[in-house]
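In our numbering, the protein residues as written are 147 to 381. Worksheet: one structure, shown below.
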């Protein structure tokens, strides 16, 4: 891995000399901690947080938890634990008054692609686009032991990635995450529109949590918080 190119991709190329002078290569960067970043002279909390999220993504890509594939017949339904993320674009109504429909469609499309590409790095599955909202599952169709942790990392990465999009108007999101038992039910719809119905309180809770959130922040339910433990700083 080219560390200099990686830093440039994060928009943090100013730290390239510090990484080079301290012999930090592609293998070492995956083991860096918050304390290491401080010793490198990275004083900005925001920059340290961005680097830690990117390092976590490298670790996930390098050694992902073993997936557990659970095939479901079309006529069956099953209970399973799911971590659900609901991501909402802040200020979409004012945007609709400032841009014509085609320009707004392009902006929302860029936002949708950004969210989808970002959550995919952490094993997230985009279940549905609902206007300016995006519903993401962690634990379906493949389950991992660390789905709640993956969702939290993905949420922080989405907030950062959307905030750095080069759109005509700066974009911001609110994110809610909840974990719980759901019933994955029969197939709904047909053809390309066919989807697996998920029934339970968890998706609704994730949506309600993001509505209580401040722009640019992430709220997790107690059920998710218990699973991620002390891996994150939670207010």
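C-beta: ideal position from N, C-alpha, C; glycine also.
Next item on the list: Take residue 352 and list the residues in its own chain whose beta-carbon comes closer than 7 Å to its own, dropping the five residues that flank it on each side.
Entry: 230, 231, 232, 322, 323, 324
Check: In this structure, what does DSSP give as the bridge partners for residue 284?
Finding: Residue pairing from DSSP places residue 284 in a beta bridge opposite 229.
Notebook entry, point to check: If you draw a straight line from the alpha carbon of residue 282 to that of residue 365, how long is it in whole angstroms?
Noted result: 15 Å
Check: Does residue 329 come within less than 8 Å of chain D when only Cβ atoms are used?
Finding: Structure shown: chain D not included; a single protein chain is present.
Item checked: Contacts around residue 149, its chain only, beta-carbon distance under 7 Å, and the 5 residues preceding and following it disregarded -> Here the set comprises 165, 170, 171, 172, 175.
Notebook entry, point to check: The alpha helix (DSSP H) with residue 389 in it runs from where to where?
Noted result: With the chain covering 147 to 381 only, the question about residue 389 has no answer from this structure.
Next item on the list: Kindly indicate which three-state DSSP category residue 315 falls into: helix, strand or coil?
Entry: Coil, per DSSP.
Notebook entry, point to check: Nearest to residue 330 by alpha carbon, out of 245, 163, 183, 288?
Noted result: 288
Check: Are residue 326 and residue 301 touching if we call contact CB-CB under 8 Å?
Finding: It is not a contact, given that the beta carbons lie outside the stated cut-off.
Note to self: What does the alpha-carbon distance come out to for the pair residue 318 and residue 286?
What the structure shows: If I take the Cα positions, the gap works out to 27 Å.
Notebook entry, point to check: Given that a residue counts as buried once 16 or more other Cβ atoms are within 10 Å of its Cβ, and exposed if not, what is residue 264?
Noted result: buried
Item checked: Own chain residues within Cβ distance below 8 Å of residue 354, not counting five before or after -> 322
Next item on the list: Could you check which residue in 271, 357, 226 has the C-alpha nearest to that of residue 234?
Entry: For residue 234, the closest of 271, 357, 226 by C-alpha to C-alpha distance is 357.
Notebook entry, point to check: Which runs of the alpha helix (DSSP H) fall wholly inside the segment 230–305 and span at least 4 residues, in chain order?
Noted result: Listed in chain order, they are 238–244, 247–266.
Checklist line | Under the three-state DSSP convention, the category residue 367 falls into | finding: If DSSP states are grouped into helix, strand and coil, residue 367 belongs with coil.
Next item on the list: Specify the secondary structure class of residue 327 as computed by DSSP and reduced to three states.
Entry: strand
Item checked: residue 191, buried or exposed, once every other Cβ within 10 Å from all chains shown has been counted against 16 -> exposed
Next item on the list: Grab the span of the alpha helix (DSSP H) containing residue 153 for me, first residue to last.
Entry: That run of the alpha helix (DSSP H) goes 149–155.
Item checked: Beta-carbon proximity list for residue 315, same chain, < 8 Å, skipping 5 on both sides -> Correct list, in chain order: 241, 244, 245, 253.
Next item on the list: Report yes if the CB atom of residue 261 is closer than 8 Å to the CB atom of residue 280, and no otherwise.
Entry: yes
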